[in-house]
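Each remark here refers to the structure printed beneath this line.
In the working numbering, the protein residues as written are 1 to 210.
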């Protein structure tokens with residue numbers, strides 16, 4: 001088959017372009033928009049992370065100096081930088097501030113926010129602290145619901161300790177003893193917290209030999 005002449009090729013190209021050119025241009029435009037949009041999103045995420053990091057450092061400094069600005073800065077992080085890990089960490093700090101001020105209801109609300117918005121490690125910390133507040137209030141079923149998790153992600157000792165506290169509150173010393181022993185087993189041997197766990201275990205008294 002003879003090659004197309006330059007004129008024929010030009011005519012075919014013009015016809016093809018007339019039929020598909022708009023779609024090609026639209027596709028290229030969409031591709032470029034997605035590319036630059038993604039780059040902008042990445043840059044914006046990094047900018048937010050840097051800003052949140054700086055605010056978190058400010059909050060820690062204010063917390064150390066017992067300044068009232070610590071709470072306001074924590075709220076700013078939660079309101080404006082919820083997509084960063086610093087927001088969840090700030091919520092933990094704010095909950096402690098509220099607890100120390102005697103506002104347990106506010107502390108619970110803040111911990112619930114952290115549990116809903118934070119990443120795994122921070123969410124576990126929020127869950128455990130919230131469970132402790134509910135244990136203080138005698139809400140034993142709520143505590144049980146909070147600590148019944150499938151994954152503990154390195155917080156096994158903390159969950160077992162809290163399980164022991166709950167079982168003790170329910171007057172189940174044998175089960176509490178087993179939970180405390182598991183918490184001790186899960187705690188590093190050089191941890192000073194072993195003393196606390198051992199004291200809790202000893203406070204249960206001797207095992208029933210019957």
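Quick reminder that beta carbons are idealized off the backbone N, C-alpha and C, glycines included. For clarity, every value in this text was computed on a predicted model and none was experimentally measured.
Sequence-distant residues of its chain with Cβ nearer than 7 Å to residue i (five each side left out)
| i | result |
| --- | --- |
| residue 197 | 161, 180, 183, 184, 187 |
| residue 163 | 147, 179 |
| residue 1 | In this prediction, residue 1 scores a pLDDT of 44, lower than 50, which makes its location untrustworthy; the coordinate-derived value is nonetheless stated afterwards. So the list is empty, once near-sequence residues are dropped. |
| residue 169 | 135, 140 |
| residue 212 | This structure cannot speak to residue 212, because the chain is shown only from 1 to 210. |
| residue 156 | 186 |
| residue 190 | none |
| residue 89 | 56, 122 |
| residue 84 | 48, 49, 52 |
| residue 105 | none |
| residue 76 | 55 |
Closest by C-alpha distance to residue i, when choosing among the options
| i | options | result |
| --- | --- | --- |
| residue 172 | 140, 99, 50, 47 | 140 |
| residue 193 | 126, 158, 101, 167 | 158 |
| residue 154 | 120, 169, 77, 165 | 120 |
| residue 72 | 59, 64, 84 | 59 |
| residue 143 | 165, 151, 150 | 165 |
| residue 78 | 66, 132, 190, 48 | 48 |
| residue 51 | 64, 68, 75, 80 | 80 |
| residue 82 | 63, 105, 65, 115 | 115 |
| residue 149 | 131, 138, 137 | 131 |
| residue 117 | 138, 86, 104 | 86 |
Residues near residue i in its chain [Cβ-Cβ closer than 6 Å; skip 5 each side]
| i | result |
| --- | --- |
| residue 152 | 159 |
| residue 108 | 133 |
| residue 276 | The structure shown does not extend to residue 276, since the chain is modelled only from 1 through 210, so no value can be given for it. |
| residue 129 | 111 |
| residue 200 | 180 |
| residue 74 | 59, 90, 93, 94 |
8 Å CB neighbourhood of residue i in its chain, flanking five on each side removed
| i | result |
| --- | --- |
| residue 221 | Since the first and last residues shown for the chain are 1 and 210, residue 221 lies out of range. |
| residue 202 | none |
Neighbour flag for residue i against chain C, beta carbons, 8 Å
| i | result |
| --- | --- |
| residue 165 | The displayed structure is made up of one protein chain only, and chain C is not part of it. |
| message | If we require 4 or more residues per run, which alpha helix (DSSP H) segments fall completely within the region 160-198? | response | 173-186
| Does the region 96-108 come within contact of the region 116-124, defined as at least 3 CB pairs closer than 8 Å? | no
| said: Please give me, in chain order, every unbroken run of the alpha helix (DSSP H) with length at least 4 that falls completely inside the region 91-135. | reply: 104-117
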